[in-house]
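Accompanying notes for the structure given below.
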Amino acid sequence: MSVALNEVRSYPAKPGDVYLFGTCVLDLFDPDAGVSAASLLENSNISVHYPQDQTCCGQPAYTSGFPDAARQVAARQLHLFAENWPIVVPSGSCAGMMRHHWPRLFEDDPALGPLAASIAARVFELTEFLLHVVKATWPQTGANERVVLHTSCTARREMGTHLSARALLAQIPNVELVLQDHETECCGFGGAFSVKHPEISAAMASDKIEAIEATGAATMISADGGCLLNLNGTLEKRGSTLRGQHIASYLWQHAKDAA
Amino acid sequence: MNRPANPPMPINFHANVRRVVANPVLRASFRGAMDFLTAKRATQFPDANAFETLRAQGEQIRQYALSRLPDLLEQLETNLTRNGIQVHWAQTPDEACRLIIDIASRAGGGLVVKGKSMVSEEIELNHALEAAGISALESDMGEYIVQLAGEKPSHIIMPAIHKTKEEIARLFADKVPGVEYTNSVDELIQIGRRVLRDKFRDTRVGLSGVNVAVAETGTLCLVENEGNGRMCTTVPDVHIAITGIEKVVEKLEHVPPLMTLLTRSATGQAITTYFNWISSPRRDGEMDGPKEVHLVLLDNGRSTAYADERLRATLQCIRCGACMNHCPVYARVGGHAYGTTYPGPIGKIVSPHMLGLEATRDLVTASSLCGACGEVCPVKIPIPDLLLQLRQQSQGHSKAPQLPGAGSGHKTLQSIAYRLFAGLYSRPALYRIFGLLATRLRAFSPNQQGAWTRSRVPLRPAGHSLHERMKSRNGAKVK
Ligand code: SF4
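Here it is in structure tokens:
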């Protein structure tokens, strides 16, 4: 592995340009979050480049035991980031795939291996980028608000970015961040796991939702679209009115409200 | 490669899961038990950096031992033999059972009193003994309860964790002669102890597991809290120890870091009440101790895992159970659902080399890869990575060497799905057309989307994809 897990990462100075890798989940199911991520970056005077040829990091195939299919998909992404700009990914899980698993996927490939490794070094999850590189801050807006954050397992254990999402929210003066019971536990998504083991996945999702609802927070946020598909899909099926929102959408809303 | 002639039938994991998940009382009780264990462990590792340092040391010790495994096993045999401990090698569970039955029969033991040993569960020793006309009595309280109930352990450290106090009280009243119903924990423990005391006095053969075997000194280490392990290994004339071939370390000084990681991770104790170092049978002039000590070293697929460098880390395990206690899947389904001797995350990575990938094909997929197991493992086994490896082997997508049953997880429909995925997502122009269709035809998204919609509303694309929206914008500024 070219990049150690849980490393203490040193961050570059704020760049003039970045690539945005929007992820396949946001592309089809929550494009607002992707646009918000771009807006947040642009609002800090960063030009956002969105390669139109991007599709997916290949993770669904990779985690199901289909490395060749994953490689085929990932290989198409490797040529999209020709400039030496940071690649910002609004998902801990896809960022983790690109940063930690792409180099392994191509480690035996003399041509793509070094390319994958150099790209991995430039991959940043959105919240860590906003916090440590953009050093964005948010002014006070509106009334006080209780917010509960669901952090994805990959953000926590692969990217180490769960704390940056929390730190960003903590910067907003009128936001009171509350912690749910068993905060560190998985929401039960896990890609194909959610349909291969639907009973276990559903049990995990409903426990997560009950813990979140018990906080009494009216706003639920996550930095991962996969978790949100799972949790929002379950919330709606249960008839709950609570919906999780991608952190990019939430922060962009705040930036607009404050303006 | 020891490919089983008749591979075991696939474990019916899904049916087992459905039974448990539907039972809220059971689920709440698992959750409570796991919370208790995780909280106890947390008190032992208050400082994350200190834990990282200690577990890096644990990992190093185990990796070093594995890197020299063949040598160390030879050295262990030499030194144990010099100390008067008889060493036996068993390739399969059957061989191990036969060896133990032979030793017990020669000792004239109609009864074997057992300390806690997961390897003895792995080889299903109690059945084999019974078939040979020898009774087995479990002396660890949890194992005793499980044996009374005619069940198997549901946890490698806490075998009876699936049982409530009331269930145990009822079990004792029903199964132990002359016992009245009581749900006082103290009284229940006293009942068990009384039964076992008498047996210890009378039996000729005691059996135990081993936590670590030290090659340079020929020493067997055994940690326990109830004193039953010490009784089993010292009172009967013959002590038979059984363990897997991976449990060896080179030096005595390797034991303390591993054992402190083990007991803190397992039960949240800095050290167990009893720490047994077994270095020989009774010597001339000694007043007590067994007259014979035997060690059975079991392979049962371990050398297959060893041969595959990508799976070798599996053998670092010190069987602390922390990965189970922190696993959101284990907490939902409990140990029995796995249908294997070793449940939970550790069970998912060791069962494939013991039983083959066909029997365990639903276990290797039963993880969201959340990584909670790898995060707490005291010897840093990258359990999620190993699951990925096993998934690849299960699909037949891994280079040799492979485990028995490789490729048995292959399903044509699934392969087609991933081939379609790869074909579509590796052709950007085609993918954009797909995105356009999916968003424009969103109203026609199916209402039934297989297992997804059992507990969730259907997935429905947005009106316009991110690709489209990013194409038609010129940046945003609010300040
Ligand atoms: S895999 Fe690690 S955490 Fe799990 S039982 Fe083994 S040593 Fe303990």
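Residue numbers (the numbering used here), protein chains in the order written: chain A, 412 to 670; chain B, 15 to 493. A virtual CB, placed ideally from N, CA and C, is assigned to each residue, including glycine. Note that the structure is a prediction, hence the values are computed from the model and not measured.
Residue ranges of uninterrupted beta strand (DSSP E) with 3 or more members, entirely inside the stretch 276-317 of chain B and ordered along the chain, are 288-292 and 306-312.
Cβ proximity to chain A below 7 Å picks out R405, Q406, S408, Q409 and H411 from the stretch 404-416 of chain B. Residues of chain B whose Cβ lies closer than 7 Å to the Cβ of T466(A) are, in chain order, Y439, P442 and Y445. In chain order, A79, A229, V262, V263 and E264 place their CB closer than 8 Å to the CB of L86(B), counting only its own chain and leaving out the 5 sequence neighbours on each side. Taking 8 Å as the CB threshold, P478(A) lines the interface with chain B.
Boundaries of the beta strand (DSSP E) around D428(A): D428 to L431. Placement of the Cβ of C384(B) at a distance of 7 Å or more from every heavy atom of the ligand SF4 is found. Not flagged as an interface residue toward chain B: N585(A), since no C-beta distance is shorter than 8 Å.
If you draw a 10 Å sphere on the C-beta of F492(A), you find 16 or more other C-beta atoms in it, and that means buried. R76(B): member of the alpha helix (DSSP H) spanning A62 to S81, first to last residue. For A448(A), the three-state secondary structure derived from DSSP is helix. For C235(B), the secondary structure class from DSSP, reduced to helix, strand or coil, is strand. If you check each beta-carbon in the stretch 462-475 of chain B against every beta-carbon of chain A, the ones closer than 9 Å belong to Q463, G464, A465, W466, T467, R468, S469, R470, V471, P472, L473, R474 and P475.
Residue contact with chain A for M368(B): absent (no Cβ-Cβ distance below 8 Å to any residue of chain A). With fewer than three CB-CB distances shorter than 8 Å, the stretch 94-109 of chain B does not count as touching the stretch 321-339 of chain B. Shown here, A142(B) sits in a helix according to DSSP, grouped into three states. By the Cβ criterion, the stretch 315-330 of chain B is in contact with the stretch 364-373 of chain B, since at least three pairs of Cβ atoms, one from each stretch, lie closer than 8 Å.
Under the Cβ criterion (8 Å, minimum of three pairs), the stretch 645-656 of chain A does not count as touching the stretch 415-424 of chain B. Within chain A, the C-beta atoms nearer than 7 Å to that of G449(B) come from D438 and L439, in chain order. The beta-carbon of K425(A) is placed no less than 8 Å from the nearest beta-carbon of chain B. Sixteen is the threshold: when 16 or more other Cβ atoms of the shown chains lie within 10 Å of the Cβ of Q483(A), as they do, the residue is buried. Residue pairing for E152(B): DSSP places it in a beta bridge opposite K128(B). Judged by DSSP in its simplified three-state form, F492(A) adopts coil rather than helix or strand.
DSSP lists H561(A) and H657(A) as the bridge partner or partners of S633(A).
Look at L427(B) here: in three-state DSSP terms it is helix. In the DSSP assignment, S222(B) is bridged to A255(B). Annotation for G335(B) indicates a beta carbon within 7 Å of some heavy atom of the ligand SF4. Taking 8 Å as the cut-off, the beta carbon of Q656(A) is found no closer than this to the beta carbon of K485(B). Every beta strand (DSSP E) stretch that sits fully inside the stretch 450-478 of chain A and reaches 3 residues is listed by chain position as 458-460.
Judged by DSSP in its simplified three-state form, Q105(B) adopts coil rather than helix or strand. Annotation for I256(B) indicates a beta carbon at 7 Å or more from all heavy atoms of the ligand SF4.
Here M23(B) is exposed, its C-beta having fewer than 16 other C-beta atoms within 10 Å. In the three-state scheme derived from DSSP, where H, G and I count as helix and E and B as strand, V471(B) is classed as coil.
Between the alpha carbons of P471(A) and A480(A) lies a distance of about 9 Å.
For the alpha helix (DSSP H) assignment, the uninterrupted runs of no fewer than 4 residues enclosed by the stretch 147-191 of chain B are, from N- to C-terminal side, 155-162 and 179-189.
Residue nearest to R446(B) within the set P442(A), A449(A) and T466(A) is T466(A) (criterion: CA-CA distance).
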